[in-house]
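Written out below as structure tokens is the structure these notes cover.
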Amino acid sequence: MELINLMQKRRSIRKYSGEKIEEGKIEKILQAGFLAPRSRAALSWEAVVVRNEEVLRKMVNCRVGTGQMLKSADCAIVMLGNPLISDVWIEDCVIALSNMHLAASSLGVGSCWIQGRNREAENGMTTEEYLRELLGFPEEYKLEAILSLGMPGENKDEHELVSFPAENIRVIRG
Numbered sequence: 014m015e016l017i018n019l020m021q022k023r024r025s026i027r028k029y030s031g032e033k034i035e036e037g038k039i040e041k042i043l044q045a046g047f048l049a050p051r052s053r054a055a056l057s058w059e060a061v062v063v064r065n066e067e068v069l070r071k072m073v074n075c076r077v078g079t080g081q082m083l084k085s086a087d088c089a090i091v092m093l094g095n096p097l098i099s100d101v102w103i104e105d106c107v108i109a110l111s112n113m114h115l116a117a118s119s120l121g122v123g124s125c126w127i128q129g130r131n132r133e134a135e136n137g138m139t140t141e142e143y144l145r146e147l148l149g150f151p152e153e154y155k156l157e158a159i160l161s162l163g164m165p166g167e168n169k170d171e172h173e174l175v176s177f178p179a180e181n182i183r184v185i186r187g
């Protein structure tokens with residue numbers, strides 16, 4: 014499949030069927046993250062893969078109003094970055110997670126990005142504090158986002174390719 018077609022088909026899926034995702038697909042999704050470009054070739058991120066139903070249910074409360082899809086998710090990838098390794102850990106995390114998001118779509122797995130950095134949990138803690146307490150990741154790691162994963166329980170139309178908004182494009186020619 015051509016990349017632009019995959020991008021058109023990729024949609025945020027918030028409803029999952031309950032069907033289990035094959036281990037091989039999770040592995041490929043993670044591989045896509047490791048294939049992402051990164052600053053100075055340094056691996057400044059770590060992925061925590063959650064496949065435990067009880068933990069996923071607790072993760073629902075990690076974000077005010079937006080973690081509900083984790084109730085029916087089969088898996089979540091919690092993306093953490095280490096600012097001691099790279100000053101652009103946020104960008105490294107985002108690129109890797111974007112690759113994973115696209116890979117999931119290419120494999121027929123539904124996914125949805127749940128922003129974590131600078132967000133609040135249901136109990137008033139930050140999302141990062143809530144997940145650090147729940148998952149036990151080290152203090153030097155900072156939360157970027159969560160990618161919920163599950164077999165799609167909803168179908169969405171693909172994005173239409175539209176012409177570029179002229180006001181957002183500047184072309185400088187020689």
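Just add 13 to the spot in the sequence shown (first one is 1) and you have this note's numbering. Glycine is no exception: its CB is placed at the ideal position from the N, C-alpha and C atoms. If you're wondering where the values come from, they're calculated on a predicted model, not measured in any experiment.
| said: Could you give the first and the last residue of the continuous alpha helix (DSSP H) run that contains C106? | reply: Counting along the chain, the alpha helix (DSSP H) containing C106 begins and ends at 102 to 119.
| alpha helix (DSSP H) runs contained entirely in the region 59 to 107, provided each spans 4 or more residues | Fully contained in the region 59 to 107 are the following alpha helix (DSSP H) runs of length 4 or more, in chain order: 66 to 72.
| field | Separation of D100 from E32, as counted between CA atoms | value | Taking the straight line from one Cα to the other gives about 39 Å.
| said: So, for I108: in the same chain, excluding its five sequence neighbours on each side, which residues have a beta-carbon less than 8 Å away from its beta-carbon? | reply: For I108, where only same-chain residues beyond five positions count, the Cβ hits under 8 Å are A49, P50, R51.
| query | Exposed or buried, what is V175 when buried is set at 16 or more other beta-carbons lying within 10 Å of its beta-carbon? | reply | Answer is exposed; the Cβ neighbour count stays below 16.
| query | Relative to the C-alpha of R76, which residue among A54, G129, G121 is closest? | reply | Considering only alpha carbons, the answer is G129.
| Close Cβ partners of S30 (< 6 Å) along its chain, the five nearest in sequence each way excluded | Once the five neighbours on either side are set aside, the close Cβ partners of S30 are M164, G166.
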